[in-house]
Amino acid sequence: MPTLAEAIEFAKTYDFGLVVEIKEARQMDRFVRRLGAVLSETGGANHLVMISFDHVMLRDLKDALPGIRTEGITHARHADFVGVAKAARLDSVSMEHQMFVPEDGAALHKAGVAVRFHLQRPAYYDRHKALGIDLLAPVSGYIADGVIDTISGDDVGFLAALRAAAIAK
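Residue numbering for the sequence shown is 112 to 280, as defined by this note's numbering.
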């Protein structure tokens, strides 16, 4: 397994970004110092976004390393996504498909916050479709309308097909 520094160098070489999830915060001071050193050594802050469910930790990380991009992961539909994003100084918010409405995406964009839209595996949608519920019907429209910026999930081919459908619209 490559180190973070090696992964950043690879990302720089091939011009893509890394999404790195912070799973725990027991040694946050040490983590911030080491992450700051790695980013300084590699010059890779532009190729990295740090994500977490812990929005307070992301806010504190942003204070310690102002050039870092952060994304708050959510599994709930908040009453005020913009307020959540501003309070944590997030660059982006990751929303679960089932909790997304286009108005939230538009409001976040108006506030300068990007939106990542997370999808389940295709079998999840197939089960619903077999019951007559097409959960994917609006997704290509969300992409085409620009209310989401990126999509994520575990099946790259599935995501690529959704994106292609959006481009075709």
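Positions of the beta carbon are idealized from the N, C-alpha and C atoms, including for glycine.
The model shown is predicted, which means the values in this text are computed figures rather than measured ones.
Going by DSSP, which residues form a beta bridge with Glu-120? To locate residue 120, count along the sequence shown from 1; it is residue 9. BP columns for Glu-120 are empty, so no partner.
Limits of the beta strand (DSSP E) - the one that Phe-228 falls within: Taking the first residue of the sequence shown as position 1, residue 228 is located at position 117. Its beta strand (DSSP E) spans residues 225-229.
Opposing strand residues paired with Ser-263 [DSSP bridges]: Against the sequence shown, residue 263 aligns to sequence position 152. Its beta-bridge partners are His-229.
Candidates Val-258, Gly-147 and Asp-266, of which the one nearest Ile-179 by Cα: Walking along the sequence shown from the start, residue 179 turns up at place 68. Closest option to Ile-179, Cα to Cα, is Gly-147.
Looking at C-alpha atoms only, which residue of Gly-223, Pro-177 and Arg-274 is the closest neighbour of Asn-157? Translated into positions along the sequence shown, residue 157 becomes position 46. Ranking the options by Cα distance to Asn-157, first place goes to Pro-177.
With a 10 Å radius around its C-beta and 16 neighbouring C-beta atoms as the bar for buried, classify Val-226 as buried or exposed. Position 115 of the sequence shown, counted from the first residue, corresponds to residue 226. Buried, because 16 or more other Cβ atoms sit within 10 Å of the Cβ of Val-226.
Using the C-alpha atoms, what's the distance from Arg-274 back to Leu-219? Taking the first residue of the sequence shown as 1, we reach residue 219 at position 108. Taking the first residue of the sequence shown as 1, we reach residue 274 at position 163. The straight-line gap from Cα to Cα measures roughly 21 Å.
I'd like to know whether the C-beta atoms of Leu-172 and Thr-181 end up nearer to each other than 9 Å. In the sequence shown, counting from the first residue as 1, residue 172 sits at position 61. In the sequence shown, counting from the first residue as 1, residue 181 sits at position 70. It is a contact, given that the beta carbons lie within the stated cut-off.
Cβ-Cβ distance between Leu-159 and Ala-122 below 9 Å: As a position in the sequence shown, residue 159 is number 48, starting the count at 1. As a position in the sequence shown, residue 122 is number 11, starting the count at 1. Their beta carbons are under 9 Å apart, which means Leu-159 touches Ala-122 by this criterion.
What would DSSP say about Met-210, mapped onto helix, strand or coil? Sequence index remark: in the sequence shown, residue 210 carries index 99 (1-based). Of the three classes helix, strand and coil, the one that applies to Met-210 here is helix, per DSSP.
Would you give the residue range spanned by the alpha helix (DSSP H) that Thr-181 belongs to? Position 70 of the sequence shown, counted from the first residue, corresponds to residue 181. Looking at the DSSP string, Thr-181 is not in any alpha helix (DSSP H); the run it does join, the beta strand (DSSP E), is 180-184.
Which complete alpha helix (DSSP H) runs does the stretch 120-173 hold, if anything under 4 residues is left out? Contiguous alpha helix (DSSP H) elements confined to the stretch 120-173 occur at 139-153, taking only those with 4 or more residues.
Using only CA atoms, which one of Ser-251, Tyr-235 and Ile-254 lies nearest to Ile-244? Position 133 of the sequence shown, counted from the first residue, corresponds to residue 244. Residue Tyr-235 holds the alpha-carbon nearest to the alpha-carbon of Ile-244 among Ser-251, Tyr-235 and Ile-254.
Could you have a look at Val-258 and say whether DSSP puts it in helix, strand or coil? Sequence index remark: in the sequence shown, residue 258 carries index 147 (1-based). DSSP places Val-258 in coil when its eight states are reduced to three.
Sheet register partners of Ser-203 (DSSP bridge): Indexing the sequence shown from 1 puts residue 203 at position 92. Residue pairing by DSSP puts Ser-203 in a beta bridge opposite Glu-182 and Ala-225.
Own chain, CB closer than 8 Å to Glu-207, minus 5 neighbours either side, in chain order: Here residue 207 refers to the residue found at position 96 of the sequence shown. If we look at Glu-207 and ignore the five residues flanking it on each side, its Cβ neighbours are Thr-185, His-186 and His-229.
Grab me the residues of Val-143's own chain with a C-beta within less than 6 Å of its C-beta, minus the 5 sequence neighbours each way, in chain order. Translated into positions along the sequence shown, residue 143 becomes position 32. Result list for Val-143: Ala-175, in chain order.
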